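*Asks:* I have a structure I would like to understand better, so I am pasting it below and will then ask my questions one at a time.
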Amino acid sequence: MKRIFSTFQDAVADIGNGATLMVGGFGLCGIPEHLIMALVDKGVKDLTVISNNCGVDEWGLGLLLQNKQIKKIIGSYVGENKEFERQVLAGEIEVELTPQGTLAEKIRAGGAGIPAFYTPAGVGTPIAEDKEIRVFNGKEYVLEEALTADFSLVNAWKGDRMGNLIYRKTARNFNPMIAAAGKVTIAQVENLVEVGELDPDCIHSPSIYIQGIIQGELEKRIERRTVRQ
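For the sequence shown, the UniProt record's numbering assigns the number 1 to the initial residue and increments by one for each residue that follows.
Structure follows, in structure tokens:
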């Protein structure tokens, strides 16, 4: 059985200043919002955050950004966050922008124990500066190093007490690979069930990757509401 936390504050208690943190989700879809808010309340500083983007103003990772708790962001998408843009232009935060597919593979490779890989994405652009370039079958590829983190925070639709996780539809996004790439992975689950209730063929993240679980209801905000006239 994995550790089942009773409070979100307990779940993030070991995350200290200067930690490298991977956070699942895409925009506001599939983010571990309660774990993020617990970090905001804790006031941990100088975080290096690896995530597809940094949420929106006043929600998700945007809350950590707003409180100046993030030192560096490794991601692929600036998104709808005006405070993120302001901090970047003011030189208040370090940003490493990466093509989205490359970011996903860097995280997946880290979780699989693969230290680096070659990709054609970014060749001939600033992305490839100071990186090794090799030619395969007449085409140039840039060497990209894998990513891992001290802690990974993910959100799942269902999880059992062994730590097996199932994600729901597009909320699956970056969560499975991020779950595998953290030295310690904490999962926020919407539904916590007993061992044996999940179909083994439907499990997306096996329990071996998960160190702790906490159940929490999601607010599920909409990042940008679009309606027909």
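Ideal placement from N, C-alpha and C gives every residue a C-beta, glycine not left out. Because the structure is a prediction, the values reported are computed rather than measured.
Among W157, A19, N17, which one has its Cα closest to the Cα of K220?
*Replies:* On the sequence shown, position 220 is the one that residue 220 refers to. Measuring from the Cα of K220, the nearest candidate turns out to be W157.
*Asks:* For N137, count neighbouring C-beta atoms within 10 Å of its own C-beta (all shown protein chains included) and say buried if the count is 16 or more, exposed if not.
*Replies:* Here residue 137 refers to the residue found at position 137 when the sequence shown is read from its first residue. N137 is exposed by the Cβ-count criterion.
*Asks:* If V49 and L63 are in contact, beta carbons under 8 Å, what's the gap, nearest whole angstrom?
*Replies:* Counted from its first residue, the sequence shown places residue 49 at position 49. Counted from its first residue, the sequence shown places residue 63 at position 63. Rounded, the Cβ-Cβ distance is 12 Å, inconsistent with contact.
*Asks:* Which of the three DSSP states is assigned to Y167 in this structure?
*Replies:* Translated into the one-based positions of the sequence shown, residue 167 becomes position 167. Here Y167 sits in coil by DSSP.
*Asks:* Around the Cβ of A180, are there at least 16 other Cβ atoms within 10 angstroms (buried) or fewer (exposed)?
*Replies:* In the sequence shown, the residue the question calls residue 180 occupies position 180. Around the Cβ of A180, a 10 Å sphere holds 16 or more other Cβ atoms; the residue is buried.
*Asks:* Three or more C-beta pairs closer than 8 Å, one from the stretch 194 to 209 and one from the stretch 36 to 48: is that the case here?
*Replies:* no
*Asks:* Using CA coordinates, which residue listed in G216, Q211, D201 is at the minimum distance from K2?
*Replies:* Counting from one through the sequence shown, the residue named residue 2 turns up at place 2. Minimum Cα distance to K2 is reached at Q211.
*Asks:* Can you tell me whether N175 is buried or exposed? The criterion is at least 16 other CB atoms within 10 Å of its CB, across all chains shown.
*Replies:* By one-based count along the sequence shown, residue 175 stands at place 175. It counts as buried.
*Asks:* Suppose only complete runs of 3+ residues qualify. What are the beta strand (DSSP E) ranges in the stretch 129 to 191, listed by chain order?
*Replies:* 133 to 136, 139 to 145, 149 to 160
*Asks:* For E219, name the three-state secondary structure that DSSP assigns.
*Replies:* For the purposes of this step, residue 219 is taken as residue 219 along the sequence shown, with counting starting at 1. The answer is coil: DSSP assigns E219 none of H, G, I, E or B.
*Asks:* According to the neighbour-count rule (16 or more other Cβ atoms, all chains shown, within 10 Å of its Cβ), is N164 buried or exposed?
*Replies:* On the sequence shown, position 164 is the one that residue 164 refers to. Buried is the call here.
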